[in-house]
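Everything below concerns the one structure shown next.
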Amino acid sequence: MSENDHERAERLILGDWVEGLSPTDHQWVNRHLETCARCSKFADSAEQALRRLRSVSVRGDPVLVRAIRLRLHARALELHERRVQLTMLWISCALSWVLGALSAPFVWRAFAWLGERSRIPAFAWQLGFALWWALPAVAVTVVFVMRRTRAENRL
Amino acid sequence: MTIANSLFLNSMERETQALARGLRRRDPDLLDRLIEQYQYRLLRYLLYLTGSREAAEDFFQETWVRVIDRGHQYNSKFKFETWLFTIARNLVIDFRRRKTTGSLDALSEPGEGQPMAEPAAPDNLSPADLAAAHEESERVWAALARLPAFYREVLLLRFQEDLTLEEIAAVVAAPLSTVKSRLYRGLSELREKLETEKV
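Just so you know, the protein sequences line up as chains G and L, in that order.
Per my numbering, the very first residue in the first sequence carries number 1; after that it's consecutive.
Per my numbering, the very first residue in the second sequence carries number 1; after that it's consecutive.
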């Protein structure tokens with residue numbers, strides 16, 4: 001028996017556990033094991049190693065489990081509240097946008113009138129109007145950025 | 001595929017879909033059930049990965065917090081344990097990345113000097129049997145502790161968790177060929193270590 005045969009047998013013995021063997025390989029390795037004491041010993045020790053590996057269990061920790069349960073319940077509540085807040089924020093945004101869109105022509109005229117009365121250049125009162133229009137979006141963006149920063153800091 | 005097989009797959013799919021819906025709702029009862037069901041397996045996986053009881057317990061908590069935070073990302077096409085182990089693994093790697101390198105290679109030295117966890121033995125054994133079981137467990141742990149973490153990890157997933165090679169590849173984010181070679185190498189090294197220790 002050549003060294004190659006032993007190497008092949010050892011690989012197939014491990015392969016049988018790792019991914020299974022084709023019938024041909026199975027037949028070959030079985031025939032080899034019948035006549036080779038060295039590889040039979042290898043097969044036995046591999047099987048024993050696996051049996052010993054499978055026998056290892058881990059001690060659980062009821063205190064740890066209780067602690068994580070409490071933590072998760074609190075977290076679930078916190079996330080739920082945050083979701084409600086977020087929904088409210090979106091509703092406010094939508095309302096603010098609708099009101100802004102509806103009132104835009106009147107506000108435009110108001111800004112134009114004020115600009116004319118106080119004799120300020122047109123681009124200045126138009127900029128004021130743009131700011132008024134963009135203010136809710138800016139406020140919401142600031143809120144989101146602050147929330148994200150806070151969440152990242154917590155991690 | 002037989003009818004029994006297809007019925008089994010259908011029921012499994014329904015189960016994972018229900019799980020995905022529950023996770024999206026952050027259902028507290030479901031979370032309790034999941035912790036109950038997977039506590040030992042997750043802790044054992046983390047113990048294999050980190051080699052330290054203390055670190056494993058920390059990551060255990062963080063993994064569950066991430067489960068609740070990212071519950072909406074769970075894909076019901078996969079088994080829950082595959083997703084759970086992936087989260088746990090990523091947490092360990094992220095932590096290691098912040099400390100040193102971004103792979104499990106850094107975990108080759110288990111627990112950085114801390115003792116490996118004490119394994120449990122069944123309660124119904126006599127004190128002598130218990131002592132023998134404890135000693136045997138310690139020997140296996142000692143042999144495992146001398147293996148690199150990426151070997152310990154695949155050995156656990158394959159031979160204790162009974163995951164398929166494809167599922168293991170998904171958890172460890174490596175090609176199938178890498179998973180196979182780690183399994184061959186890990187099993188071979190474990191056999192050698194347990195064998196030499198017996199002498």
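Beta carbons: idealized from backbone N, C-alpha and C, even for Gly.
Just so we're clear, the structure is a prediction, and the values are computed from it rather than from any experiment.
Check                                                                                                                                                           : Outcome
Would you be able to state if there are at least three C-beta pairs under 8 Å between the stretch 181-199 of chain L and the stretch 152-159 of chain L?        : yes
Does the distance from the CB of L:A56 to the CB of L:T63 come in under 7 Å?                                                                                    : no
Taking the Cβ atom as the reference point for each residue, do L:V154 and L:R191 lie within a distance shorter than 7 Å?                                        : no
Would you check if the stretch 33-40 of chain G and the stretch 51-62 of chain G touch, i.e. whether three or more CB-CB distances between them fall below 8 Å? : no
Counting C-beta neighbours from all protein chains within 10 Å, is the total for G:G20 16 or more, i.e. buried, or is it exposed?                               : exposed
DSSP three-state call for L:S6: helix, strand or coil?                                                                                                          : helix
Find the residues of chain G that neighbour L:S137, judging by a C-beta separation of less than 7 Å, and give them in chain order.                              : V56
Classify L:S137 as buried or exposed, calling it buried when 16 or more other Cβ atoms lie within 10 Å of its own Cβ.                                           : buried
Buried or exposed for L:K99, going by 16 or more other Cβ atoms inside 10 Å?                                                                                    : exposed
Strictly under 7 Å for the Cβ-Cβ distance: is G:G115 near chain L by that measure?                                                                              : no
Please identify, using Cβ separations under 7 Å, the residues of the stretch 22-53 of chain G that lie next to chain L, in order along the chain.               : S45, A46, A49, L50, R52 and L53
Pop quiz: G:F111 and G:G128 are said to be a contact at Cβ under 8 Å. What is the actual Cβ separation, rounded to whole angstroms?                             : 6 Å
Who are the neighbours of L:R191 on chain G, taking C-beta pairs under 7 Å?                                                                                     : S45, A46 and A49
Counting beta carbon pairs with one atom in the stretch 74-93 of chain L and one in the stretch 19-34 of chain L, are three or more of them shorter than 8 Å?   : yes
Output, in sequence order along the chain, the residues in the stretch 27-38 of chain L whose CB is closer than 9 Å to any CB in chain G.                       : D27, P28, L31, D32, I35 and E36
Nearest by alpha-carbon distance to G:S40: which of G:I68, G:E7 and G:L53 is it?                                                                                : G:E7
Taking any Cβ of chain L, which residues in the stretch 54-79 of chain G have a Cβ under 8 Å from it, in chain order?                                           : R54, S55, V56, S57, V58, R59, G60, D61, L64, V65, A67, I68, R69, R71, L72, H73, R75, A76 and L79
By the three-class DSSP mapping on this structure, what secondary structure does G:L56 have?                                                                    : According to the sequence displayed, residue 56 of chain G carries Val and not Leu. G:V56 falls in the coil class under three-state DSSP.
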